[in-house]
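Asker:
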Amino acid sequence: MAALHLLLRDTYRFGFMVLENEVEAMVPTPEVGIEPPKKTARVGFDSSLSRIPQSSTCYLLLLPTELVLAILSYLSPIDVVAVSVTCCTLHTHATTDLLWQGFIQDNVPGQKITKPYPCPNFRALYQAHDTRWCLPRYKIWVSDKDLTGRLVIIRFDQRRGCIEGYQLVAFSKQRAMQPWEAEPSIRIHSFEPEVYLHLDKPILELHAVSSQETNAIYRERVMTRLIRAMRDGQYALINDEPVAGFPAYMLPETQPAVGRFEAEVPMNMFGPNSATFCSYMPARALSPVELQSQATGSFPYGNVWPPPTIPASEYFMGAGPRARGHGDEPLFRAEHRPTRRSEVSELAFHTRKFLTHPFPIIAREENNTDTPSPAANSSGTNSGPSVPPRSNRAIYIPFHEVTTYATLDPKLYTPTKDKPFRGIWVGDYSGHGCEFLLMTQPDNDEETQLESPKSKEGETDEDYEKRKYEQRIYRGSLEAIKLTGDPNIPRGELTFRVDDLGPEAYVRTIQDEPFKGARVVKSMGHIADNGFQHDQFIESQLFILSHDRLAQYWIEWGHISYFERVNIDDFLVPR
899 MAALHLLLRD TYRFGFMVLE NEVEAMVPTP EVGIEPPKKT ARVGFDSSLS
949 RIPQSSTCYL LLLPTELVLA ILSYLSPIDV VAVSVTCCTL HTHATTDLLW
999 QGFIQDNVPG QKITKPYPCP NFRALYQAHD TRWCLPRYKI WVSDKDLTGR
1049 LVIIRFDQRR GCIEGYQLVA FSKQRAMQPW EAEPSIRIHS FEPEVYLHLD
1099 KPILELHAVS SQETNAIYRE RVMTRLIRAM RDGQYALIND EPVAGFPAYM
1149 LPETQPAVGR FEAEVPMNMF GPNSATFCSY MPARALSPVE LQSQATGSFP
1199 YGNVWPPPTI PASEYFMGAG PRARGHGDEP LFRAEHRPTR RSEVSELAFH
1249 TRKFLTHPFP IIAREENNTD TPSPAANSSG TNSGPSVPPR SNRAIYIPFH
1299 EVTTYATLDP KLYTPTKDKP FRGIWVGDYS GHGCEFLLMT QPDNDEETQL
1349 ESPKSKEGET DEDYEKRKYE QRIYRGSLEA IKLTGDPNIP RGELTFRVDD
1399 LGPEAYVRTI QDEPFKGARV VKSMGHIADN GFQHDQFIES QLFILSHDRL
1449 AQYWIEWGHI SYFERVNIDD FLVPR
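Right, here's the structure in full:
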């Protein structure tokens, strides 16, 4: 196997060196007196390959198809497309369906891709969802919607060739409170969560059709319901502006085109007769300078998403106060929208819900001023105040809602043998219902230097291994960050934290049911008034029941609430 890897590596490097020579041979010879451009060294290129004898034969093309496909599989899809235009033979290899099936499979966790429906082949399917395959790959997305936020699971449904996203919701099948027998003054909230996807209301639905086809469908729908009606004098817009506030795909074809990567992608989720439109918008990350000038130290942090409590490699401009408004308000400044492929981020996106409501207006027609009102009696005299007739005109008020979604670094929620509590959890928040949390254990460079404990005199091997295991996992801090929030503590804020899981914060080991054997450590719970006002951290305790179940004892309130791990992989396969 090692020899095969070396062969693939050397073949890949030599083959593309030959391809480069062929491309250079296609460049016309410079005119006399003009110095040709100097060649620059390439990063990662072995200069020893330049000593290989040059010939007109491309040895890469002489390799078996299996080896060529193996080499191409190490490239990105964009690079494979570039290779496909070099010659007919490589074009045949680069368009092999098996290769593109693998590219799609790399972006669809939890299920095996077997068919390219509705496209004729996997290459066409990949192209149909180009720049959007990151959505099912990262699968977990959190939004900045209001104070509550959303946790959305995005997956690929190969039955429809559709990338779909649904909100993850939960409720407790038991809503009871009982005193703890060991300490009757403490009340225990029973908690048996049922977690599921809200399939009746999709958040995202991107079908495998070209943007031109989708835009044509939406344009016909809007032109029929709005533009044509305005031409007939039946409808009017605010300030008589027929295009103010409408997305580009809803406008007549005479409107100027929008760049491919900044254009909104319409999503047909509400039916052909609905007045609600929804679109997907790619996002561009803020530069370090923009982030420094935009972010603030307090909620809502300058509308930057994700918030500073969630570690991220890229941050984005959220909708903030512009999340809702009339159509004449700008959504984002031009610099916040990507204009080229390199600016399209794989870690965030925006959705825009566009609502049009026809409101009938009451107005007296100029040539019907003497028309009796409905309050007039049969004799033609008015028995009440004059009521003008209802006009056949209606006013369309465009209204939009923009939401920003960002994904989570898989490292934050993937448990390890040393960080077993990392993950997505669901917690009981009494009157607020169930809320989802990101339980993370930050890395600490000092923790990596862990020495094995010395055995104690008279200690059995079993006790020593247990103590060694506990020393490895019960160390460092633990933070519980709300992915969905409530009017008191919003999304993106800490709900509790443990500064040290080790001996410094250790309180006791409980010997009474239902928490027998649980390790208790000191923690700090986060509370606030409505609207996240006057927030503070109060003393609390964390009961560690297992790697999949925790309990928080709110000392000041005298009650215990549970938290339970959620297995996200259970929701990745459409059924």
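At position 384 of the sequence shown (counting the first as 1) the number is 1282 in the working numbering, and the numbers step up by one without a gap. Where is the CB? At the ideal position from N, CA and C, for every residue including glycine.
Have a look at the DSSP bridge pairing and note the partners of C1332.
Answerer: As a working note, residue 1332 is residue 434 in the sequence shown. Note: C1332 sits in a beta bridge opposite D1326.
Asker: Please work out which residues of its chain come closer than 8 Å, Cβ to Cβ, to A1416, disregarding the five sequence neighbours upstream and downstream, and give them in chain order.
Answerer: Locating residue 1416 in the sequence shown gives position 518, where the first residue counts as 1. Answer for A1416: T1407, I1408, F1441, I1442, L1443 and A1449, listed in chain order.
Asker: Can you find the residues in the same chain that come closer than 6 Å, C-beta to C-beta, to G1400, ignoring five residues on each side of it along the sequence?
Answerer: Here the question's residue 1400 lines up with position 502 in the sequence shown. Around G1400: Y1372 and R1373.
Asker: Taking the alpha carbon of E1377 as the point to measure from, which residue in W1323, E1411 and F1413 has its own alpha carbon closest?
Answerer: Here the question's residue 1377 lines up with position 479 in the sequence shown. With distances taken between Cα atoms, E1377 lies closest to W1323.
Asker: Restricting to Cα atoms, I'd like to know which of K1010, W998 and S1088 is closest to D1028.
Answerer: Reading the sequence shown from its first residue, position 130 is the one you call residue 1028. The option with the nearest alpha carbon to D1028 is W998.
Asker: Do you know how far the Cα of S1421 is from the Cα of Q1439?
Answerer: Stepping through the sequence shown from its first residue, residue 1439 is reached at position 541. Stepping through the sequence shown from its first residue, residue 1421 is reached at position 523. Approximately 5 Å between the Cα atoms of the pair.
Asker: Determine the burial state of D1384: buried for a count of at least 16 other Cβ atoms within 10 Å of its Cβ, exposed for fewer.
Answerer: For the purposes of this step, residue 1384 is taken as residue 486 along the sequence shown, with counting starting at 1. Counting Cβ neighbours within 10 Å, D1384 comes out buried, since at least 16 surround it.
Asker: Which whole runs of the beta strand (DSSP E) in the region 1357-1396 are 3 residues long or more, in chain order?
Answerer: If you keep only unbroken beta strand (DSSP E) runs of at least 3 residues inside the region 1357-1396, you get 1376-1380 and 1392-1396.
Asker: With burial defined as no fewer than 16 other Cβ atoms inside 10 Å of the residue's Cβ, what is the status of K1037: buried or exposed?
Answerer: Position 139 of the sequence shown, counting from 1, holds the residue named residue 1037. Answer is buried; the Cβ neighbour count reaches 16.
Asker: If you run the structure through DSSP and keep just helix, strand and coil, what is P1018?
Answerer: Taking the first residue of the sequence shown as 1, we reach residue 1018 at position 120. Reduced to three states, the DSSP call for P1018 is coil.
Asker: Within the same chain, show all residues whose beta-carbon is closer than 7 Å to that of F1001, passing over the 5 residues directly before and after it, in chain order.
Answerer: The sequence position of residue 1001 within the sequence shown is 103, counting from 1. Once the five neighbours on either side are set aside, the close Cβ partners of F1001 are P975 and Y1024.
Asker: Please report the residue range of the alpha helix (DSSP H) in which Y1311 lies.
Answerer: The residue labelled residue 1311 in the question sits at position 413 within the sequence shown. Here the alpha helix (DSSP H) through Y1311 covers P1308 to Y1311.
Asker: Looking at the structure shown, is T1305 part of a helix, part of a strand, or coil, going by DSSP?
Answerer: Residue numbering aside, residue 1305 sits at position 407 when the sequence shown is read from its first letter. Strand, per DSSP.
Asker: Helix or strand or just coil, what does DSSP make of R1406?
Answerer: Translated into the one-based positions of the sequence shown, residue 1406 becomes position 508. If DSSP states are grouped into helix, strand and coil, R1406 belongs with the strands.
Asker: The alpha helix (DSSP H) that contains L1033, what's its start and end?
Answerer: By 1-based counting over the sequence shown, the position of residue 1033 is 135. Here the alpha helix (DSSP H) through L1033 covers C1032 to Y1036.
Asker: Which class does Q1025 belong to by DSSP, given the choice of helix, strand or coil?
Answerer: Position 127 of the sequence shown holds residue 1025. Of the three classes helix, strand and coil, the one that applies to Q1025 here is helix, per DSSP.
Asker: Can you list, in chain order, the residues of its chain with a C-beta nearer than 8 Å to that of N1465? Leave out the 5 residues immediately preceding and following it.
Answerer: Here residue 1465 corresponds to residue number 567 of the sequence shown, with the count starting at 1. There are no such residues.
Asker: With I1052 and L1097 assumed to form a contact (beta carbons below 8 Å), what rounded beta-carbon distance in angstroms separates them?
Answerer: As a position in the sequence shown, residue 1052 is number 154, starting the count at 1. As a position in the sequence shown, residue 1097 is number 199, starting the count at 1. That belief does not hold up - the Cβ atoms of I1052 and L1097 are roughly 13 Å apart, past 8 Å.
Asker: With respect to the beta strand (DSSP E) encompassing W998, which residues constitute its N-terminal and C-terminal limits?
Answerer: For this step, residue 998 is matched to residue 100 along the sequence shown. That residue, W998, is in no beta strand (DSSP E); its alpha helix (DSSP H) goes D995 to Q1003.
Asker: Between A1074 and I1061, what straight-line distance do the alpha-carbon atoms span, to the nearest angstrom?
Answerer: Position 176 of the sequence shown, counted from the first residue, corresponds to residue 1074. Position 163 of the sequence shown, counted from the first residue, corresponds to residue 1061. Rounded to the nearest angstrom, the two C-alpha atoms are 39 Å apart.
Asker: Alpha carbon to alpha carbon, how far is D1316 from E1437? Give it in angstroms, no decimals.
Answerer: As a first step, residue 1437 is located in the sequence shown; it is residue number 539 there, counting from the start. As a first step, residue 1316 is located in the sequence shown; it is residue number 418 there, counting from the start. Going from the Cα of E1437 to the Cα of D1316 covers about 26 Å.
Asker: Among residues of its own chain, excluding the 5 on either side of K1071, which ones have a beta-carbon nearer than 7 Å to its beta-carbon?
Answerer: Mapped onto the sequence shown, residue 1071 falls at position 173. Taken in chain order, the residues that qualify are E1090 and E1092.
Asker: In chain order, what residues of the same chain lie with their CB nearer than 7 Å to the CB of P1100, ignoring the 5 residues before and after it?
Answerer: Residue 1100 sits at position 202 when you count from the first residue of the sequence shown. Excluding positions up to five away in sequence, the list reads E1062, G1063, Y1064 and M1167.
Asker: In terms of alpha-carbon separation, which member of F1054, L1189 and E1188 lies closest to V1471?
Answerer: Counting from 1 along the sequence shown, the entry for residue 1471 is found at position 573. Checking every option, the nearest Cα to that of V1471 belongs to F1054.
Asker: Below 6 Å CB to CB, which residues in the same chain sit around Q1003 once its five sequence neighbours on both sides are set aside?
Answerer: Here residue 1003 corresponds to residue number 105 of the sequence shown, with the count starting at 1. So the list reads I1011, once near-sequence residues are dropped.
Asker: Looking at C-alpha atoms only, which residue of E1357, I1208, K1414 and E1241 is the closest neighbour of P1041?
Answerer: Numbered from 1 along the sequence shown, position 143 holds the residue referred to as residue 1041. The question names Pro, but residue 1041 in the sequence shown is Ser. Ranked by how close their Cα comes to the Cα of S1041, the residues E1357, I1208, K1414 and E1241 have I1208 in first place.
Asker: Output the boundary residues of the alpha helix (DSSP H) element that contains L1443.
Answerer: Taking the sequence shown and counting its residues from 1, one reaches residue 1443 at position 545. Where L1443 is concerned, there is no enclosing alpha helix (DSSP H), given that its DSSP letter is neither H nor E.
Asker: Verify the CB distance criterion: does G1415 have a CB-CB separation below 9 Å to chain C?
Answerer: The displayed structure is made up of one protein chain only, and chain C is not part of it.
Asker: Using a Cβ-Cβ cutoff of less than 8 Å, which residues in the same chain neighbour Q1192 once the five nearest sequence positions on both sides are dropped?
Answerer: In the sequence shown, residue 1192 corresponds to position 294, counting from 1. Excluding positions up to five away in sequence, the list reads L1184, G1200, N1201, V1202 and M1215.
Asker: Please report how far the alpha carbon of S1459 lies from the alpha carbon of Y1303, in whole angstroms.
Answerer: Here residue 1459 refers to the residue found at position 561 when the sequence shown is read from its first residue. Here residue 1303 refers to the residue found at position 405 when the sequence shown is read from its first residue. Rounded to the nearest angstrom, the gap between the Cα atoms of S1459 and Y1303 is 29 Å.
Asker: Do L1066 and F1334 have their C-beta atoms closer together than 9 Å?
Answerer: In the sequence shown, counting from the first residue as 1, residue 1066 sits at position 168. In the sequence shown, counting from the first residue as 1, residue 1334 sits at position 436. The beta carbons of L1066 and F1334 sit closer together than 9 Å.
Asker: Following the continuous beta strand (DSSP E) through L1049, name the residue where it begins and the one where it ends.
Answerer: Taking the sequence shown and counting its residues from 1, the one referred to as residue 1049 is at position 151. Taken as a continuous stretch (DSSP letters only), the beta strand (DSSP E) holding L1049 covers L1049 to D1055.
Asker: Is F1252 near F1175, with beta carbons less than 9 Å apart?
Answerer: The sequence position of residue 1252 within the sequence shown is 354, counting from 1. The sequence position of residue 1175 within the sequence shown is 277, counting from 1. The answer is yes: Cβ separation under 9 Å.
Asker: Going by CA-CA distance only, name the one from N1386, Y1327 and E1244 that's closest to M1179.
Answerer: Counting from 1 along the sequence shown, the entry for residue 1179 is found at position 281. Among N1386, Y1327 and E1244, the Cα nearest to that of M1179 is on E1244.
Asker: Report all residues from its chain with a CB closer than 6 Å to the CB of S1109; omit the five preceding and five following residues, and keep chain order.
Answerer: Within the sequence shown, residue 1109 is the residue found at index 211, counting from 1. In this predicted model, S1109 has a pLDDT of only 48, less than 50, meaning its place in the structure is not dependable enough to derive any value.
Asker: Could you pull the start and end residues of the beta strand (DSSP E) that H1087 belongs to?
Answerer: Here residue 1087 corresponds to residue number 189 of the sequence shown, with the count starting at 1. Start and end: R1085 to H1087.
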